[in-house]
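**Q** My structure is below; once you've seen it, I'll send some questions.
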Amino acid sequence: MRRKSKRTRGIEEAHPFSGMSQVNPNAAGVDIGAIEIVACVAADEHTQIVKAFGNYTVDLQALACWMKSHNIRTVAMESTGVYWIPLFEELERQGLECLLISSRSMRRVAGRKSDISDAQWIQTLHSYGLLEDRFVHRRSWWRCGHCCVIATS
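Its first residue numbered 4, the sequence shown is counted upward by one per residue in my numbering.
Pasting the structure below:
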């Protein structure tokens, strides 16, 4: 007769990044949506601050100022449609280094259920240097001056 396995009791703590050192301690993660942009910065080694912003120019400027107030130097964001372009332009204009990552690589991560957890996960991976810029985005697109973005690749 087979013995039943014992159930785990209590809460188990996981430290998936223990033993690793942060490569980008002043890194932020951003999840971009059509209506809302969720940004995440590290408060200290074990705490993250998450804040939501709108998608108007004044909101993008406020997001950049908020990141600068937290000493952020580099920002990772998913390439979601064309929603990333205004934010990318504003953050670069404000002097922040921007990293555009593939949304396909982020979809493979299990357990991500909300914009907040997405932003936190992007920030965590970026702070440990586990994300790489997936796109050659400079000069691959331009604005027509009215309303649209035209790809030149």
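For every residue, glycine included, the Cβ atom is placed at its ideal position computed from N, Cα and C.
All of these numbers come straight from a predicted model, not from anything done at the bench.
Within 10 Å of its beta-carbon, does Asp136 have 16 or more other beta-carbons around it, so buried, or fewer, so exposed?
**A** Residue numbering aside, residue 136 sits at position 133 when the sequence shown is read from its first letter. When all chains shown are included, Asp136 counts as exposed.
**Q** At 4 residues or longer, and completely inside the stretch 60-143: list those alpha helix (DSSP H) runs for me, N to C.
**A** Fully enclosed alpha helix (DSSP H) runs of 4 or longer: 60-72, 87-96, 106-110, 118-130.
**Q** Is Tyr59 close to the ligand NAD? I mean its beta-carbon at under 8 Å from any heavy atom of the ligand.
**A** Of ligands this structure carries none, so the ligand NAD is not represented either.
**Q** Asp62 to Pro89, Cα distance in whole Å?
**A** As a first step, residue 62 must be located in the sequence shown, where it is residue number 59. As a first step, residue 89 must be located in the sequence shown, where it is residue number 86. Near 11 Å, if we compare the C-alpha coordinates of Pro89 and Asp62.
**Q** Could you give the residue range of the beta strand (DSSP E) that holds Gly32?
**A** What you label residue 32 is simply residue 29 of the sequence shown in a count that begins at 1. Gly32 -> beta strand (DSSP E) spans 30-35.
**Q** Once the 5 residues before and after Ser117 are set aside, which same chain residues still bring their CB inside 8 Å of it?
**A** What you label residue 117 is simply residue 114 of the sequence shown in a count that begins at 1. The answer is none, since no qualifying residue turns up.
**Q** So for Gln25, helix, strand or coil by DSSP?
**A** Taking the first residue of the sequence shown as 1, we reach residue 25 at position 22. Of the three classes helix, strand and coil, the one that applies to Gln25 here is coil, per DSSP.
**Q** So if DSSP puts Ile52 in a beta bridge, which residue, or which two residues, is it bridged to?
**A** Taking the first residue of the sequence shown as position 1, residue 52 is located at position 49. Answer by DSSP bridge pairing, in chain order: Val44.
**Q** State the Cα-Cα distance for the pair Asn29 and Val78, rounded to the nearest angstrom.
**A** If you number the sequence shown from 1, residue 29 lands on position 26. If you number the sequence shown from 1, residue 78 lands on position 75. Each residue's alpha carbon lies about 9 Å from the other.
**Q** Looking only at its chain, what residues have a beta carbon closer than 6 Å to the beta carbon of Asp34, apart from the 5 residues adjacent to it on each side?
**A** The sequence position of residue 34 within the sequence shown is 31, counting from 1. So the qualifying residues of the chain are Val41, Asp118, Asp121, Ala122.
**Q** Taking the C-alpha atoms as reference points, what is the distance between Thr60 and His49?
**A** Here residue 60 refers to the residue found at position 57 of the sequence shown. Here residue 49 refers to the residue found at position 46 of the sequence shown. Roughly 32 Å between the two C-alpha positions.
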